[in-house]
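Encoded as structure tokens, the structure appears first; notes follow it.
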Amino acid sequence: MSGYRFPIEFRERAQKALKDARLRETLREVMPHFREERVKKISEVPDWEMRRDRASQIKEEVIRKWEEYHRLADEALKKRGIKVFHARDGKEARKIIGKIAKGHHVKKIVKSKSMVSEEIELDSYLEGLGMEVTETDLGEFIIQLAGEKPFHIIAPAVHKKAREISRLFQKKLGLDVGEGIIDITDAARKVLKKRFLEADMGITGSNFVVAETGTLAIVENEGNARMCVAYPRVHVAIVGEEKLLPRFTDLGLFLPLLTISATGQRMTSYVMLLGSPYEKKINNPKERYVIFLDNGRSKILKDRELWPLLKCIRCGACINVCPIYNKIGGYAYGWVYSGPIGAVFNYGILGPERAGELPFASTLCGACDNVCPVKIPITKILLEERRRSSELFRKARGRPGFAERAIFSLWSYLMSHPGLYGLFSTPIRKILRFFGFGSWRRHHLPPFRQWSRERDFPPLSKETFLSHLKKKGE
Amino acid sequence: MDSLIPIFKERLQDLGGEVIEVGSDPRKTFQEFITRNNLYSLASWDTPFLHGILDSIEGIQVLYPGKSGEELRRIVLNAQAGVTDSFFAVAETGTLALPVTEKKPSLVSLIPELHIAFLEREKILANFEELFQKLWDFGIVEYILVSGPSRTADIEQTLTIGVHGPKRVVVFLT
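Written as structure tokens, this is what we have:
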């Protein structure tokens, strides 16, 4: 990989993360909980594997009949008096939302969790229009105050200690807050209550959009998304194009699948199943908008190998089990999504030119494949993306040198001729052991130096496995 | 149906919710609860059943959704408890399915610190698949599915009950 620099310099960022002791401590403390709770709840569900199969099929159905379901969804939403937009990219989405806000004379906005809104960098755009935007998920609220990016898709402020947050509230909100977690939560509740009451517009994401009924399904635990929807007079939901489900009853399968996979909860405290706005009635919102975002998803849709990425329901289960993520956390991935889905999806959206190093952020252990509730073949896609990155690398660097080509040709010839392999393996091994390959070491001789940079070379044994086995048999 | 009740109780209690069996006289049970918890100011959904229970209780002020949004907001902000009934419930997850209409606004089960929900025991379903089949059969309206009090673990991964939604959920099982 030498000689080619990808804009998301994953390797450097990962190295930096590895040296960050506090980051590593946070990950060690926090991550096991998600994994353990998920496993516990799955053991209560005897037909879990069947559910995964069914969910995978349904999501593939959406992808197969993409145009049809999108047409259905648009119709159903419009029938409910919801205004629908399709934004090709972030720029278009921001403009649409800005226009909606200005049209309703919006000054104050409250917002609940939406990864898609991070994709399009919505907050800074709206602030640029002179509007006040408050992130209302407690974790997002905290990192918004701190001016940072989310650490984890489900737990954005998990790396911040309570004392640190208390001081942050003091500094940024002028509040004298105790250092206990309850003190902080109480303070946040008071501050946010005021923001909800005064907000003109609420922006949320949506976990699912039902094509046949135009229902938005939103899950949460704190109640802030309910506040964002029930208080302001205008509600805007921004949603990735892939979030559709065909039928209302599909939610009965997908909602528990999502909550168990994400945080090991049988169900989140709240699920909103939203329909028409209240126009002339006493409830809010009076108006509702849904913005579907493409931002490269249509490109993935047409991609022969990458299209399964659009099955993703954004649970984060793959992130929680990934040995790489568990060592380096989310920032190293350089964009909105992290962990296994981040590696493959960021690549799919940003392309190999920007995110080409990310598919290599994997040991191919396959833990992600095992936990994915919709059975996205992540390792298969990682390998495909690696292949594409290698081509890019090849184009940039030219053909590999003679030595590299010769060694690999020889090796592949030997591997495809077992007799020859058997014949040569013993003398080659004896020679290599003579040159020091019989013990654990870092090797400073090229080309082995490249391999040794990140892992020690294991020792070559004295005899082959076969001869060892033969000996044992005697 | 009977076998689902213990599961529902266990799952809701697991989430920090409470279940009170109403027995033969719902008004009496409710009156005792009100007294025990020093409640005097309630916001309630506007349904015949709830009027039947609440209007006869002494020593409390019950406000129903009024003529305007501002009035509704004021009512819920000043109430100690929000009272609703439930359309259906789910045993596996301890969930209450609450429809949202003008007479049954979402704010009543969201703003006051205590949410009191009346639930008919026959309405308890086994799981989410059954719930969504029922909601589909009855025709689509807006729903909030409530599973216990509000919570967060965003700070140091420590569970805190009671954020924006209620701190306490009490189900009166009739």
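Protein chains in written order, with this note's numbering: chain A, 1 to 474; chain B, 475 to 648. Using N, Cα and C, we set each Cβ at its ideal position, and we do this for glycine too.
Three-state secondary structure (DSSP) of residue i
i                            : result
histidine 159 of chain A     : coil
leucine 18 of chain A        : helix
leucine 414 of chain A       : helix
alanine 591 of chain B       : strand
phenylalanine 523 of chain B : helix
glutamate 198 of chain A     : helix
phenylalanine 646 of chain B : strand
glutamate 603 of chain B     : helix
lysine 327 of chain A        : helix
methionine 227 of chain A    : helix
leucine 274 of chain A       : strand
arginine 24 of chain A       : helix
histidine 109 of chain A     : A quick correction: the sequence has isoleucine, not histidine, at residue 109 of chain A. Looking at isoleucine 109 of chain A - three-state DSSP - the assignment turns out to be strand.
valine 582 of chain B        : helix
phenylalanine 465 of chain A : helix
lysine 471 of chain A        : helix
arginine 288 of chain A      : strand
valine 321 of chain A        : helix
leucine 245 of chain A       : strand
arginine 266 of chain A      : coil
threonine 426 of chain A     : helix
valine 550 of chain B        : helix
arginine 455 of chain A      : coil
Nearest-angstrom beta carbon gap, residue j and residue i [assumed within contact, 8 Å]
i                            : j                            : result
phenylalanine 437 of chain A : proline 418 of chain A       : The Cβ separation is near 22 Å, so there is no contact.
histidine 589 of chain B     : glutamate 222 of chain A     : Not confirmed; about 15 Å, so no contact.
valine 644 of chain B        : isoleucine 534 of chain B    : That pair is no contact at about 15 Å.
valine 271 of chain A        : alanine 217 of chain A       : 6 Å
alanine 73 of chain A        : leucine 244 of chain A       : 6 Å
glycine 556 of chain B       : valine 582 of chain B        : 4 Å
valine 239 of chain A        : serine 206 of chain A        : 5 Å
threonine 249 of chain A     : phenylalanine 606 of chain B : 5 Å
Residue range of the alpha helix (DSSP H) that includes residue i
i                         : result
lysine 102 of chain A     : 90-103
glycine 639 of chain B    : Careful: glycine 639 of chain B lies outside any alpha helix (DSSP H) and carries neither H nor E.
arginine 54 of chain A    : 48-64
tyrosine 347 of chain A   : 339-350
serine 390 of chain A     : 378-397
threonine 569 of chain B  : Segment 569-574 is the beta strand (DSSP E) holding threonine 569 of chain B; no alpha helix (DSSP H) there.
leucine 216 of chain A    : First-last for leucine 216 of chain A: 216-220, but that is the beta strand (DSSP E), not the alpha helix (DSSP H).
glutamate 119 of chain A  : 115-119
lysine 83 of chain A      : Counting along the chain, lysine 83 of chain A falls outside any alpha helix (DSSP H), though it belongs to the beta strand (DSSP E) covering 83-87.
isoleucine 300 of chain A : 297-302
glutamate 495 of chain B  : No alpha helix (DSSP H) contains glutamate 495 of chain B, which is instead part of the beta strand (DSSP E) from 492-495.
leucine 516 of chain B    : Leucine 516 of chain B -> not in any alpha helix (DSSP H); beta strand (DSSP E) instead, spanning 515-518.
alanine 367 of chain A    : 367-371
valine 336 of chain A     : Taken as a continuous stretch (DSSP letters only), valine 336 of chain A belongs to no alpha helix (DSSP H), as it is neither H nor E.
alanine 146 of chain A    : 138-146
Own chain residues within Cβ distance below 8 Å of residue i, not counting five before or after
i                        : result
glycine 127 of chain A   : Strictly speaking, residue 127 of chain A in this sequence is glutamate, with glycine absent from that position. Same-chain partners within the cutoff: Val133.
tyrosine 231 of chain A  : Val110, Phe196, Leu197, Ala199, Gly202 and Asn284
leucine 518 of chain A   : Lying before the first or after the last residue shown, residue 518 of chain A is absent from chain A, which here runs from 1 to 474.
threonine 185 of chain A : Leu138
Residues near residue i by beta carbon distance below 7 Å, same chain, minus five either side
i                       : result
serine 461 of chain A   : none
leucine 414 of chain A  : Leu420, Tyr421 and Phe424
arginine 455 of chain A : none
glycine 275 of chain A  : Arg80 and Thr215
glycine 622 of chain B  : Leu486, Leu489, Gly490, Gly491, Gly568 and Val643
alanine 187 of chain A  : Phe169, Leu175 and Val177
valine 550 of chain B   : Ala517, Gly556, Leu581, Val582, Ile585 and Pro586
proline 246 of chain A  : Ile58, Glu61, Val62, Tyr69, Ala211 and Glu212
leucine 633 of chain B  : Arg625 and Ala627
Residue interval of the beta strand (DSSP E) (run including residue i)
i                        : result
glutamate 135 of chain A : 132-135
aspartate 559 of chain B : 555-559
tyrosine 617 of chain B  : 616-620
glutamine 535 of chain B : 535-537
glycine 240 of chain A   : 234-240
Beta-carbon proximity list for residue i, same chain, < 6 Å, skipping 5 on both sides
i                            : result
arginine 314 of chain A      : none
phenylalanine 646 of chain B : Ile494, Val496 and Phe592
heavy atom of the ligand ATP below 8 Å from residue i C-beta
i                        : result
histidine 525 of chain B : Of the ligands one can find in the structure shown there are none, so the ligand ATP has no counterpart to examine.
Along the stretch 342-366 of chain A, where does the CB come closer than 7 Å to a CB of chain B? Name the residues.
Those would be none; no residue qualifies.
In chain order, what residues of the stretch 590-602 of chain B put their CB closer than 9 Å to some CB of chain A?
Listed by position, the residues of the stretch 590-602 of chain B near chain A (Cβ gap below 9 Å) are Asn601 and Phe602.
What are the residues of the stretch 211-225 of chain A that lie near chain B, defined by any Cβ-Cβ distance shorter than 7 Å?
The stretch 211-225 of chain A vs chain B, Cβ under 7 Å: Thr213, Thr215, Asn221, Glu222, Gly223 and Asn224.
Note down, in chain order, all residues in the stretch 261-278 of chain A with a beta-carbon under 9 Å from any beta-carbon belonging to chain B.
Only Thr263, Gln265, Arg266, Met267, Thr268, Ser269, Tyr270, Val271, Met272, Leu273, Leu274, Gly275, Ser276 and Tyr278 from the stretch 261-278 of chain A bring a Cβ to less than 9 Å from some Cβ of chain B.
Which residues, taken in chain order from the stretch 228-251 of chain A, show a beta carbon closer than 9 Å to some beta carbon of chain B?
If the cut-off is 9 Å between Cβ atoms, the stretch 228-251 of chain A has Val229, Ala230, Tyr231, Arg233, Arg247, Phe248, Thr249, Asp250 and Leu251 near chain B.
Between the stretch 372-392 of chain A and chain B, which residues of the former have a C-beta closer than 9 Å to a C-beta of the latter?
Within the stretch 372-392 of chain A, no residue has a Cβ lying closer than 9 Å to any Cβ of chain B.
Anything in the stretch 522-536 of chain B with a Cβ closer than 9 Å to a Cβ of chain A? List those residues in chain order, please.
From the stretch 522-536 of chain B, no residue has a Cβ closer than 9 Å to chain A.
If the cut-off is 9 Å on Cβ atoms, which residues from the stretch 304-329 of chain A count as contacting chain B, listed in chain order?
Listed by position along the chain: nothing, the set is empty.
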